[in-house]
Structure formats: structure tokens, C-alpha cells
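In full-length UniProt numbering, the protein residues as written are 1 to 410.
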Amino acid sequence: MKTLILTNEYPPNIYGGAGVHVDHLVREMTALSSGTDTFDVLCFGDQNQSAPHLRVSGVPEISSETPELQRLKLTDTLLRNAIMTGTANTADVIHCHTWYTYMAGCLLREILAAPLVVTTHSLEPHRPWKKDQLGDSYHATCWLEKAAMENADGIIAVSETMKQNVMDLYPIPPEKIRVIYNGVDTQFFCKTSRPETLRAYGIDPDKPYILFVGRITRQKGIMHLIRAIAMVDPGVQTVLCASAPDTGEIAQEMETRVKSARQETGREILWIPEAIPLQDLPVLYSHAAVFVCPSVYEPFGIINLEAGACSTPVVAAAVGGIPEVVVHGETGLLVPFAAKEDAEPKRPEEFAADLAAAINTLVRAPEKRTRMGAAARKRIEKHFSWTSIARQTVDFYQHLIKNHGQYRDT
């Protein structure tokens, strides 16, 4: 079986959960392959590598001097998709990740007469803040997503909630969608004690701290966590590993909010604005009293798996697929969340207060934290193995190859 995988993110260019997913999925599927199985990865970047059963080819950034193309914020993405389309010449199955490669996926489905699989890591109509980043091109990304969903032979949803969201937005029959969760590398993400790493980042290992790891975007809800800091018990450090702002405006807002919170609360707030080296993440997770995920939109949330695999309890908003990962009262605490049309909380002050209350509950109860952390680790080992996820994905490929064309006119 020859599998063609299209993705914008691939090592070493990973900045979000979708990239983590593709990286581990390809690794595991390659390890499981035999005989003539091959995996061709086309991605954004300058990657050029090969290994047994695997070939990775990057498509570099494309600049244009044409004024009309410069005004269209999708130009680079569309041109890279065109190159991907011209590069691929054969496949038994095509697998797209995120809207960035949907155009190439849809075209190659027709050109190569191969079934198209789309993994939906998020849904564009549920991320209205992306318009701040993309301008009017945001509407085009929504259209690209709709076209891919309706043309795909099969859709992988990363949670049951995501499956329902897809069916709510698009005329997709349920049998066309298979739920396959994200996973986590439990050998890498595990309880790790290294106090000297904390000191290198300016964290006092003798004081409890709460931890946030994520991009600076409306989706991740970091501004609500900053609002909650004033209500967190004194003596608790806040560590914000927050980088890659969506826009210059939100980057400036982040700086202003952190500065104000420090001045108004007098709390210890450590903001690390650069991406944390991967080898340090298990240490930061493991030493944290609580990992906080205040996301206002989260179809799954790999980040919560990483924290739980390091035996750290999670406080998270009860949105999207998070309740399928974090079991309230067992592996962490879920905070109620009611959203407006723009996905922001209807009552932001109440949401921040609820976040702080949940954080305080766990900070004050070390034995409960230990018990929840152990339960999280056990559950993750049982349900979120990348090997199992790779097998489920290959099984879906084989099913679609066998039944290619079944949903073509749906």
C-alpha cells in the first residue's frame, strides 16, 4: 500500500497539536509497515529525507512580486498546494491534515483516482478569531474545508465531539466518519525530576506552580488564565510557556496583560515567550502542581495527554473533546464553560473565577493531586497509545481502498 500524506506541519517545523499528531502517526505507521508499504509525506518547509518505507519532501515558502497575490493572504498556501499536486504521481490512499493541504488533497483525489482521507483537527467556522490573522481569506479557508469534507471518502475525527460537530456543519453521513483519538508518547512524557531545569527557567522548585503551555491565540484562552491569577492562592507561581502569537495585536495584548497582572497582584508570573525545547517539557509538566488548559475551543487537546502522562492533574475548560480526555474528579477538574457566538465565554469573570477555584482546590490538596496524577497516567497508557492509533488509521485506509467510490456522490 502506498500512502500519500499531505500536511503543513512536519518535523522540524511543528508548532501545534496537528504537527505532533502527524509526526507520531507517521513514525508508528512506518514502524508497523512491511513488504512494499510506503509512506510519502509532502509538507511545508525544506525537509528532504528518506528512510525504509518513508520519503519526506518539503515545499519551501513561495514569495510573489505580483501585488494582487501579495494582498491575498492565502497565496503561499495555494501555490504550495499547486506544487504538491504536481509532485505526487501515484498513491493508493491520500491523507490530508488541516485545511492548509485540502486543495491539493481534493485535486489529487481526482488526478490519482485514490480515496481521500481528511483528519479534522479543528473546524474553521468554530474558529472566528482566525479572521484576525487571515482577513477576508478566512472565508476561503472555510470554503476549502467544506469542499474537502464533502469530497473526502473518509473523515477521521479526533473526538466524538468533533464527529458530531462535523455532522452539524456539513451534510456528512455518520458512517463516513471514524473517531480515532490523538495519542501521546508515554515513554518520553513520563514523571521526570530535574530541579536544575526549573532553576534555569527562573522557577523556584521549592514553591508550587501552575503551568500553561500553548500558542498565544484566542483559542487557547490564555487571557482568561491571566485574569484568574489574582484569585489563585498567594505563594503559587504561574509559569506561562506561551509563544507563536497569531497576530501582532494579540502579542501586544499579551505583554500588556502580563505586565498589569504582575503590578496589580504582586504574584510571581513567569512568562517564557520562546518555544520550550522538547526535552524540557516533561520536566516542566512533572514538577507542576497543576496543568491548566483554559482553551475556549479544543477538539481534543494533546497537551492534556502530555501533562497527564507526566502524572500531573489537569484543570481545563469543559469544551470540545477535553471531557473525553480529562475525567472530572478522577484525572483532573473540569470548569463549566458557556460560549458566545465568537467562542468566547458568555461570562468571562465567572469563567476566570471558576478556573481559580479549581486550581486552588488542587493546590491545597497534595494527596488528591498525587492520586489524580496517577489515575491520569494509568488511563493514558490504556487508551491513548500511538501504536493503537496507527493500527486504527491503517485499518481505515484499507477499508476505504476496498470501498473506494462508495460516498463519491453523497
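Just so it is clear, CB atoms sit at the ideal spot from N, CA and C, and this is done for glycine as well.
### Query
Who are the near neighbours of T247 in its chain, counting only those whose CB is closer than 6 angstroms to its CB and skipping five residues on each side?
D132, Q133
### Task
Report, in whole angstroms, the separation of the C-beta atoms of A148 and V118, which I expect to be a contact under 8 angstroms.
5 angstroms
### For A353 and T36, the rounded distance between their alpha carbons
56 angstroms
### Query
By how many angstroms is the C-alpha of D76 removed from the C-alpha of F188?
35 angstroms
### Query
Cβ of A358 versus every heavy atom of the ligand GDP: is any distance shorter than 7 angstroms?
The model on display carries no ligand, and the ligand GDP is accordingly not part of it.
### Task
Count the CB pairs spanning the stretch 280-300 and the stretch 221-229 that are closer than 8 angstroms, and state whether there are at least three.
yes
### Message
Determine whether the beta carbon atoms of L25 and T387 lie at a separation below 8 angstroms.
### Response
No, they are not a contact pair.
### Query
Would DSSP call Y209 helix, strand or coil?
Looking at Y209 - three-state DSSP - the assignment turns out to be strand.
### Query
Do A357 and L334 have their C-beta atoms within less than 8 angstroms of each other?
no
### Message
Check whether the stretch 335-343 and the stretch 307-314 touch, using three or more Cβ-Cβ pairs below 8 angstroms as the test.
### Response
no
### Task
Taking C106 as the reference, give the member of P11, D153, R127, D136 with the closest Cα.
D153
### Message
Check for me: the beta strand (DSSP E) holding C403 runs from which residue to which?
### Response
The displayed chain sequence assigns Asn, not Cys, to residue 403. No beta strand (DSSP E) holds N403; DSSP gives it neither H nor E.
### Task
With a threshold of 16 other CB atoms inside 10 Å of the CB of E65, please say whether the residue is buried or exposed.
With fewer than 16 other CB atoms across the displayed protein chains lying within 10 angstroms of its CB, E65 is exposed.
### Query
Should N48 be labelled buried (16 or more other beta-carbon atoms within 10 Å of its own) or exposed?
exposed
### Task
Closer than 7 angstroms by C-beta to K340: which residues in its own chain qualify, once you throw out the five before and the five after it? Chain order, please.
K346
### Query
In the DSSP assignment, what residue or residues form a beta bridge with residue 421?
Since the first and last residues shown for the chain are 1 and 410, residue 421 lies out of range.
### Burial state of K378 (16 or more Cβ within 10 Å)
exposed
### Message
DSSP has A157 in a bridge; who is on the other side?
### Response
T120, V179
### Query
Going by DSSP, which residues form a beta bridge with H328?
G332
### Query
From which residue to which residue does the alpha helix (DSSP H) around V363 run?
For V363, the uninterrupted alpha helix (DSSP H) segment begins and ends at 348-363.
### Query
Roughly how many whole angstroms lie between the Cα atoms of G58 and R364?
49 angstroms
### Supposed close pair I272, Y201 - CB separation, criterion 8 angstroms
6 angstroms
### Query
Does DSSP put C106 in a helix, in a strand, or in coil?
helix
#### Entry: P323 versus I302, D342, L240, residue with shortest Cα-Cα distance
I302
### Message
To test your reading of the DSSP string, which unbroken beta strand (DSSP E) runs of 3 or more residues are found completely within the stretch 256-295?
### Response
269-272, 290-293
#### Entry: Coil, strand or helix - T7 by DSSP
strand
### Message
Applying the 10 Å Cβ sphere with the 16-neighbour rule, what's the burial state of P52?
### Response
exposed
### Query
Ordered along the chain, which non-local residues of its own chain (more than five positions away) have a Cβ less than 7 angstroms from that of P11?
D23
### Task
Sort out for me which residues DSSP pairs Q237 with in a bridge.
Answer by DSSP bridge pairing, in chain order: Y209.
### Query
When DSSP labels each residue in this structure, what does F337 get in the three-state scheme?
coil
### Query
Out of T98, A307, I203, N13, which has the shortest C-alpha to C-alpha gap to T192?
For T192, the closest of T98, A307, I203, N13 by C-alpha to C-alpha distance is A307.
### Task
With a 10 Å radius around its C-beta and 16 neighbouring C-beta atoms as the bar for buried, classify E298 as buried or exposed.
buried
### Task
Assign Y102 to buried or exposed, taking buried as 16 or more other Cβ atoms, counted over all protein chains shown, within 10 Å of its Cβ.
buried
### Task
Measure the beta-carbon distance from I380 to V184 and round it to whole angstroms, keeping in mind my assumption that it falls under 8 angstroms.
6 angstroms
### Task
Count the CB pairs spanning the stretch 279-291 and the stretch 247-259 that are closer than 8 angstroms, and state whether there are at least three.
Counting Cβ pairs under 8 angstroms, fewer than three are found: no touch.
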